[in-house]
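Counting in the working numbering, the sequence shown runs from 4 upward without gaps. Virtual Cβ for every residue (Gly too), placed ideally from N, Cα, C. Data block below; observations after.
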Amino acid sequence: MTGERIEGHGGDLALAALRAAGIREMFTLSGGHVFPLYDAAHRIDFPIYGVRHEQSAVFAAEAVAKLQRRPGLAVLTAGPGVTNGVSALTSAHFNGSPVVVLGGRAPAFRWGAGSLQEIDHVPLLAPVTKHAATVYATEEIPAAVTGALAAALTPHRGPVFLDLPLEVVFSTAETAAPDAPVVPPLEPDPDEVARAARLIANARRPVIIAGSDVHAGDAVAALREAAEALQVPVFANGMGRGALPPEHPLAFAKARRTALKRADVVVVVGTPLDFRLGFGDFGAAQVVHIVDAPSQRAGHVEPAACPAGDLRLILSALANHPGGREDHSDWVADLRAAENKAKARTAEELAAETDPIRPARVYGELRRVLARDAVTIGDGGDFVSYAGRYLEPAMPGTWLDPGPYGCLGTGMGYAMGARVTYPERQVCVLMGDGAAGFSLMDVESLVRHRLPVVIVVGNNGIWGLEKHPMRAMYGYDVAADLQPELRYDDVVRALGGAGETVARAVDLGPALRRAFEAGVPYLVNVLTDPADAYPRSSNLA
Ligand SMILES: Cc1ncc(C[n+]2csc(CCOP(=O)(O)OP(=O)(O)O)c2C)c(N)n1
Ligand SMILES: [Mg+2]
């Protein structure tokens, strides 16, 4: 506490607390209930990004949170503004992203009389946030916002929601100046960490799978130290991808099936034991689950060790394990051979000269034009599954997928958050044609705010990830077709961007190069083969 005082309306007080936590922009869609928040921002030139659907505002805030490891802010007007943001907030909840949503709210003083958009948001938002509350007094706003931010940033991180009744946000008050939220690191139980270290060091064929919280917890360097010290091969998912650069001797991607079949200890760090990891069932292998908070321990699996706490502390302790260790060099060499074999197969697919174009070839061409630090965003079904298989993020924090909630529509919001974060980097959205329907109108927002991004649409004319499984299950499909060969590039052109349609594999490379040089949102509409189905064991999503 500095003893400093501030005075202003509810918008000023809220913004002061948000800025103290390092928030540098707001994403929003206009509504009178939140005008004081705009007024506060406007008077100090605090950037305001206006979008065309509230989900894009929340997804943009989430991208900022994911990429910058600090809270992202969305301001949503009362009623439908807030409810339109619910799927995106739920995604942030599943992803452990520190998103702050400030909502407008009908006046408290005549609650129940039937004001415009009068609904109690809090019970709707409580199940998908770490904290959801109404602030009933103007002078309580700074402390309420700082408290909510601390909750969002405390591992396991996640979104928070506050709404401000009309008269509360429009009234003025004087309060203490807000401080930055304080989040002390959570110390793990040293015995549990030692148990985990012994299991890994004594294993003959250990494997690490690193997930998003490794990036969110700023534990990438510690992960690398632990992997190197114990000589354990590393696979990654979500934001963990790129934690070890692809050329690192312990970095693996393609040999996962072999690795998990043969491993005797599977170490899962910073990601839940969910459907993406076979619900944590690795056959005879023992499981070490390393989580950033006790709340993340799995109820459905009994791991051999499960240290909970600051991931940097846990991983550094593993790196400094004082005991003896097995030699894993044969195991690493075996996996490297499997990896190389799979890579050779992939190389053929990436170069496929087929007509119509197969998605693999799109990624083959993209790999040639993407810089190491490019941010790639996946929003779609099969087309994005291929992106996961064929793109190899070279740096941590460069791959944005929707996460385990699997919500279509992240595309333009994530793109906006990524472009705001990195004005100079390539930002590339990989989109299914179905997914495009959820957010493409927000190209208009990107154009208006001068935020160029490249959008590559895998246009197969179908909801592919649903059509193929439905046909396999029933022998027919319904509600799975879209208009074939639709000109999504024309949509983007109409909104002030640019683009082109590509139907032949040889034209892909030049089109992508034009896209990255365009300086405006540019959509490359790639007509892909509708017969191409992503091979998966379980096709339901
Ligand atoms: C909001 C939302 N609605 C529906 C789904 C179910 N779903 C998952 S993938 C998919 C198909 C996506 O089609 P498209 O974006 O064209 O990609 P494709 O599979 O054709 O490559 C659908 C409808 C979802 N995940 N999210
Ligand atoms: Mg499709």
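| Item | Value |
| --- | --- |
| Buried or exposed (CB count within 10 angstroms, at least 16 for buried), W114 | exposed |
| Ordered list of beta strand (DSSP E) runs contained in the region 349-384, each at least 3 residues | 378-382 |
| Secondary structure, beta strand (DSSP E): runs of 3+ residues fully inside the region 268-355 | 268-272 and 289-293 |
| Three-way DSSP call (helix, strand, coil) for V495 in this model | helix |
| Option nearest M419 by Cα separation, candidates A199, H56 and P39 | H56 |
| G107 Cβ short of 7 Å to ligand 1 heavy atom set | no |
| Simplified DSSP assignment, three categories, for L526 | strand |
| Close Cβ partners of Y491 (< 6 Å) along its chain, the five nearest in sequence each way excluded | A439, V460, L526 and N528 |
| Run of the beta strand (DSSP E) containing L79, from where it starts to where it stops | G75 to L79 |
| Local conformation of M29 per DSSP, three classes | strand |
| Contact set, ligand 1 heavy atom to C-beta under 6 Å | G383, G384, D385, F386, G409, C410, L411, G412, G435, D436, G437, A438, G461, N463, I465, W466, G467, L468, E469 and A544 |
| DSSP three-state assignment for T261, whether helix, strand or coil | helix |
| Distance CB(A95)-CB(V67) smaller than 8 Å | no |
| Burial state of I144 (16 or more Cβ within 10 Å) | buried |
| One or two residues paired with V457 in a DSSP bridge | C431 and Y525 |
| Those runs of the alpha helix (DSSP H) which lie wholly inside the region 391-440 and span at least 4 residues | 414-424 |
| T141 versus N98: straight-line alpha-carbon distance, rounded | 32 Å |
| Span separating the alpha-carbon of D15 from that of T157 | 25 Å |
| Length of the line joining the Cα atoms of L443 and A322 | 46 Å |
| Extent of the continuous alpha helix (DSSP H) to which D194 belongs | P193 to N205 |
| F174 and G13 closer than 8 Å at C-beta | The question names Phe, yet the displayed sequence has Ser at residue 174. Contact: yes. |
| Other residues of its chain near A501: CB distance less than 6 Å, five sequence neighbours each side excluded | A521, V523 and Y525 |
| Member of V450, D166 and A258 whose CA lies at the smallest distance from the CA of R348 | A258 |
| Nearest-angstrom Cα separation, counted from M476 out to Y52 | 44 Å |
| For A288 and V456, the rounded distance between their alpha carbons | 44 Å |
| Contacting residues, own chain, Cβ-Cβ under 7 Å from R375 (five flanking each side not counted) | A397 and M398 |
| Where P472 sits in the DSSP three-state scheme | helix |
| Expected contact under 8 Å - CB spacing of G283 and V304 to nearest Å | 4 Å |
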